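Novice: Heads up, the sequence shown is in full-length UniProt numbering, so the first residue is 1 and it goes up one at a time.
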Amino acid sequence: MALLPVPDAKARLLASARPVDGIETLPLADTAARVLAFDIKAKLTQPPFNSSAMDGYALRAVDAPQIGSELTVIGTAAAGRAFEGPLGPGETVRIFTGAPVPEGADTILIQEDAEKIGDDSIRTTFQVTGGRHIRPRGQDFAEGETVLKAGTLIDFSHLTVAAAMNHPTLPVFRKPKVAILATGDELIEPGGNPGPAQIIASNTFGIAALVRDNGGEVLDLGIAPDRQDAISAAIKRARDAGADILVTLGGASVGDHDLVQATLKASGMELDFWRIAMRPGKPLMVGSLDGMHVLGLPGNPVASMVTGMLFLEPLLRRLAHLPERRREVDGITARPLRPNDQRQDYLRAKITRDELGNLVAEANPKQDSSMMKIFAHADGLIVRAPHAPELAAGEPCRILLIRAFD
Ligand SMILES: Nc1nc2c(c(=O)[nH]1)N[C@H]1C(S)=C(S)[C@@H](COP(=O)(O)OP(=O)(O)OC[C@H]3O[C@@H](n4cnc5c(N)ncnc54)[C@H](O)[C@@H]3O)O[C@H]1N2
Ligand code: MOO
Numbered sequence: 001m002a003l004l005p006v007p008d009a010k011a012r013l014l015a016s017a018r019p020v021d022g023i024e025t026l027p028l029a030d031t032a033a034r035v036l037a038f039d040i041k042a043k044l045t046q047p048p049f050n051s052s053a054m055d056g057y058a059l060r061a062v063d064a065p066q067i068g069s070e071l072t073v074i075g076t077a078a079a080g081r082a083f084e085g086p087l088g089p090g091e092t093v094r095i096f097t098g099a100p101v102p103e104g105a106d107t108i109l110i111q112e113d114a115e116k117i118g119d120d121s122i123r124t125t126f127q128v129t130g131g132r133h134i135r136p137r138g139q140d141f142a143e144g145e146t147v148l149k150a151g152t153l154i155d156f157s158h159l160t161v162a163a164a165m166n167h168p169t170l171p172v173f174r175k176p177k178v179a180i181l182a183t184g185d186e187l188i189e190p191g192g193n194p195g196p197a198q199i200i201a202s203n204t205f206g207i208a209a210l211v212r213d214n215g216g217e218v219l220d221l222g223i224a225p226d227r228q229d230a231i232s233a234a235i236k237r238a239r240d241a242g243a244d245i246l247v248t249l250g251g252a253s254v255g256d257h258d259l260v261q262a263t264l265k266a267s268g269m270e271l272d273f274w275r276i277a278m279r280p281g282k283p284l285m286v287g288s289l290d291g292m293h294v295l296g297l298p299g300n301p302v303a304s305m306v307t308g309m310l311f312l313e314p315l316l317r318r319l320a321h322l323p324e325r326r327r328e329v330d331g332i333t334a335r336p337l338r339p340n341d342q343r344q345d346y347l348r349a350k351i352t353r354d355e356l357g358n359l360v361a362e363a364n365p366k367q368d369s370s371m372m373k374i375f376a377h378a379d380g381l382i383v384r385a386p387h388a389p390e391l392a393a394g395e396p397c398r399i400l401l402i403r404a405f406d
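#1: Sort Gln228, Glu91, Gly85, Ile235 by Cα distance to Glu103 and report the nearest one.
#2: Can Ala61 and Thr107 be called in contact, C-beta distance under 7 Å?
#3: Between Asp55, Phe156, Glu145, Gly151, which has its C-alpha nearest Ala114's C-alpha?
#4: Under 6 Å Cβ to Cβ from Thr31, same chain only, skipping five residues before and after it: list those, please.
#5: Which whole-angstrom value is the C-beta distance of Ile382 and Ala361, which I expect to be below 8 Å?
#6: Report, in whole angstroms, the separation of the C-beta atoms of Asn214 and Leu316, which I expect to be a contact under 8 Å.
#7: In the DSSP assignment, find the alpha helix (DSSP H) that holds Asp229 and state where it starts and stops.
#8: Spatial neighbours of Gln66 within its chain, please: CB distance less than 6 Å, with the 5 preceding and 5 following residues excluded, ordered by chain position.
#9: Hey, would you say Ala83 sits closer than 7 Å to Val73, going by beta carbons?
#10: Do you know offhand how far Ala179's Cα is from Leu356's?
#11: State yes or no: is the C-beta of Ser253 nearer than 6 Å to some heavy atom of ligand 2?
#12: Is it the case that the stretch 7-17 contacts the stretch 124-131, given that we only count it when at least three CB pairs across the two stretches are under 8 Å?
#13: Going by DSSP, which residues form a beta bridge with Ile402?
#14: Output the distance between the C-alpha atoms of Leu310 and His167, rounded to the nearest integer angstrom.
#15: Going by the CB atoms, is the gap between Gly250 and Thr183 shorter than 7 Å?
#16: With respect to 6 Å, is the separation between the Cβ of Ala288 and the closest non-hydrogen atom of ligand 2 below this value?
#17: In whole angstroms, what separates the C-alpha of Ala334 from that of Gly394?
#18: What is the residue span of the beta strand (DSSP E) that Pro27 lies within?
#19: Using only the alpha-carbon positions, how far apart do Met278 and Leu347 sit?
#20: Within 6 Å: the Cβ of Ala201 and any heavy atom of ligand 1?
#21: Compute the Euclidean distance between the alpha carbons of Gln139 and Asp39, then round it to the nearest angstrom.
#22: Given this structure, state the Cα-to-Cα distance separating Gly268 from Ala238, to the nearest angstrom.
#23: Phe83 by DSSP, collapsed to three states: which one?
#24: If Leu26 and Val286 are in contact, beta carbons under 8 Å, what's the gap, nearest whole angstrom?
#25: Look up Asp155 in the DSSP assignment and say whether it is helix, strand or coil.
#26: Kindly indicate which residue of Gly380, Pro365, Leu28, Ala320 has the alpha-carbon position closest to the one of Glu217.
#27: Less than 6 Å separating the Cβ of Lys373 from some heavy atom of ligand 1?
#28: I'd like to know whether the C-beta atoms of Asp345 and Arg384 end up nearer to each other than 7 Å.
#29: For Ile245, which residues does DSSP report across the bridge?
#30: Alpha carbon to alpha carbon, how far is Asp63 from Glu91? Give it in angstroms, no decimals.
#31: For the beta strand (DSSP E) that contains Lys350, what are its first and last residues?
#32: To the nearest angstrom, how far is it from the Cα of Pro365 to the Cα of Pro396?
#33: Quick check on the burial criterion: 16 or more other C-beta atoms within 10 angstroms. Buried or exposed for Glu124?
#34: What does the alpha-carbon distance come out to for the pair Pro339 and Ile351?
#35: Heavy atom of ligand 1 less than 6 Å from the Cβ of Ala341, yes or no?
#36: Using beta-carbon positions only, say whether Lys265 and Arg275 come within less than 7 Å of one another.
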């Protein structure tokens, strides 16, 4: 079977991806980083009254036609405590920021521009103009106005306005559920004592973090040994739990112990494609099982993480109603690079910024897909297209960022 080019594989994967339609109503404080399911209208008007934007004096502009006008202070208005009653000619009310502007007043004189004369009078020391420092009722939003649109990825700014609109809860799309199954007789959980031929199952942790970072909920199915009955029991658990995506780790290649694909097929999976023209990540497998997406990621940890970024992330984001994350940027290579073969290559690289602002990527000389330390120390991956020609140091290249770089 010919290896599928990366863009074709991604297009096929996303063609079958439908955003989830389940909705849950959550307390406002729990909705950060969730996607709003409906338009949200204001339940009240803000501000609910004409309010003062400054500490000072509320008055009628006609009563202070020039600097030196004198007014009688007849009361106080503070935030949460209105002044009851109208303001008559020659009168003023001591007012504080956020307080309702008393009836009859049409401007605020800030206290720095007023001089106290006696206990209950002031003199203006600045020219008063009408309408100053008054926030009109409804200037922010009006009752019934749609302020937040369905599909908004809720952040701190949306939470603030939603609270101000008097919404104690918000309707959000449910998180897609991603079941993760590690496979392999050699694997044990971190914290255990590995036997002579054993290693720690590390991939689940990186993939689970990637899932959570992209709006998904994790169902950790643990480790299944290389036995069909154990793998099929785990597949059943994923289906029973209503997983939207099943991610298997390892056992994706062609060895005698690579049972994952055969077991999935025996459980009813329809294989969409298998084996991609990429390095690392060649054995990636994609299928579906009763509407559950199945992604078989290769066992080598770096291959797992790279295919996770390239395939699991966009699939999950599509299901979660999130926009695709753009990880690719332009940069230049710090080292000369060999001509490439038919597999799109993703070279682990350290990134720096040169004095012109270019991102400079220095590929690690070691690119073995089992080397987690090098991946963890890398900032990005230099993307080498199939059959890309040799590149000299300083020439442009594409970089896939592992994390935000500034
Ligand atoms: N004859 C061939 N052999 C291999 C091919 C091939 O095309 N022909 N492909 C190679 C490539 S490329 C990769 S990548 C690996 C991946 O194969 P599998 O997905 O079947 O992975 P395993 O054999 O199960 O494991 C590979 C490696 O990774 C370790 N591993 C597995 N799971 C985990 C985990 N959860 N956490 C940490 N490490 C894990 C495992 O112990 C192996 O060392 O196949 C090549 N072979
Ligand atoms: O995916 Mo394998 O890691 O290409 O070496």
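The beta carbon of each residue, even a glycine, is placed where N, CA and C say it ideally should be.
Computed from a predicted model, the values in this text were never measured in an experiment.
Specialist: Quick answer:
#1: Sorting Gln228, Glu91, Gly85, Ile235 by C-alpha distance to the C-alpha of Glu103 places Gly85 at the top.
#2: Going by C-beta atoms, Ala61 is nearer than 7 Å to Thr107.
#3: Ranking Asp55, Phe156, Glu145, Gly151 by CA distance to the CA of Ala114 puts Asp55 first.
#4: The residues Ile154, Leu170, Val172, in chain order, have a CB closer than 6 Å to that of Thr31 in the same chain once the five nearest residues on each side in sequence are set aside.
#5: Confirmed, about 5 Å.
#6: Between Leu316 and Asn214 the Cβ distance is about 5 Å, and since that is below 8 Å, they are a contact.
#7: That run of the alpha helix (DSSP H) goes 228-240.
#8: Excluding sequence neighbours, Gln66 sits near nothing in its chain.
#9: It should be pointed out that residue 83 corresponds to Phe in this sequence rather than to Ala. Inclusion of Phe83 and Val73 in the CB contact set at 7 Å is not warranted, their separation being larger than that value.
#10: Between Ala179 and Leu356, the C-alpha separation is close to 45 Å.
#11: It does not: the Cβ of Ser253 is nowhere closer than 6 Å to a heavy atom of ligand 2.
#12: Contact fails: fewer than three Cβ-Cβ distances are below 8 Å.
#13: Paired residues: none, contrary to the question.
#14: Per the coordinates, the alpha-carbon of Leu310 lies some 37 Å from the alpha-carbon of His167.
#15: Yes. Within cutoff.
#16: Per the sequence presented here, residue 288 reads as Ser, with Ala not at that position. Answer for Ser288: no, Cβ out of range of ligand 2.
#17: Approximately 6 Å, taken between the alpha carbons.
#18: For Pro27, the uninterrupted beta strand (DSSP E) segment begins and ends at 23-27.
#19: Going from the Cα of Met278 to the Cα of Leu347 covers about 11 Å.
#20: Yes, ligand 1 has a heavy atom inside 6 Å of this Cβ.
#21: Rounded to the nearest angstrom, the two C-alpha atoms are 20 Å apart.
#22: Rounded to whole angstroms, Gly268 to Ala238 spans 13 Å at the Cα level.
#23: Reduced to three states, the DSSP call for Phe83 is coil.
#24: The pair is not a contact, with the Cβ atoms about 32 Å apart (cut-off 8 Å).
#25: Of the three classes helix, strand and coil, the one that applies to Asp155 here is coil, per DSSP.
#26: Per the Cα distances, Ala320.
#27: A distance criterion of 6 Å places the beta-carbon of Lys373 beyond contact range of ligand 1, judged by its closest non-hydrogen atom.
#28: Their beta carbons are under 7 Å apart, which means Asp345 touches Arg384 by this criterion.
#29: Val178, His293.
#30: Going by the C-alpha atoms only, they are around 8 Å apart.
#31: Lys350 -> beta strand (DSSP E) spans 344-353.
#32: If you take the alpha carbons of Pro365 and Pro396, they lie about 19 Å apart.
#33: It is Thr, not Glu, that sits at residue 124 in the sequence shown. Thr124 comes out buried.
#34: C-alpha separation (whole angstroms): 21 Å.
#35: Looking at the sequence provided, one finds Asp at residue 341 rather than Ala. Result no, Cβ not under 6 Å from ligand 1.
#36: With contacts defined as CB atoms closer than 7 Å, Lys265 and Arg275 fail to qualify as a contacting pair.
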